[in-house]
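So the structure is just underneath, and the comments pick up after that.
Numbering (this note's numbering), first residue to last: 427 to 517.
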């Protein structure tokens, strides 16, 4: 067995190990699931204030409750939020 770098070992650990790699080859369902997980993680990281609102809305939709008005959810564009955060970090 070849030696792995720490980065390779961490990646394989997240993917389920070397043995399961053969099972994943050509498994589009697995690929779609992993892409959804990566996208969800990125959304939560980049839009922390909205992720809680999205979770609440998803729960309301799941139980058939009315969703809040879209205008109430309007936020400044993401580019403006990034500028604000960058200015806060510099201060």
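Note that the Cβ used here is the ideal one computed from N, Cα and C, for glycine as well.
So, using beta-carbon positions, are residue i and residue j closer together than 9 Å?
| i | j | result |
| --- | --- | --- |
| residue 475 | residue 501 | yes |
Put residue i into one of helix, strand or coil per three-state DSSP.
| i | result |
| --- | --- |
| residue 493 | coil |
| residue 501 | coil |
| residue 513 | helix |
| residue 457 | helix |
| residue 463 | helix |
| residue 470 | helix |
Check each candidate in the options and name the one with the smallest Cα separation from residue i.
| i | options | result |
| --- | --- | --- |
| residue 504 | 473, 463, 484 | 473 |
Quick one: give me the first and last residue of the alpha helix (DSSP H) that residue i is part of.
| i | result |
| --- | --- |
| residue 483 | 474 to 488 |
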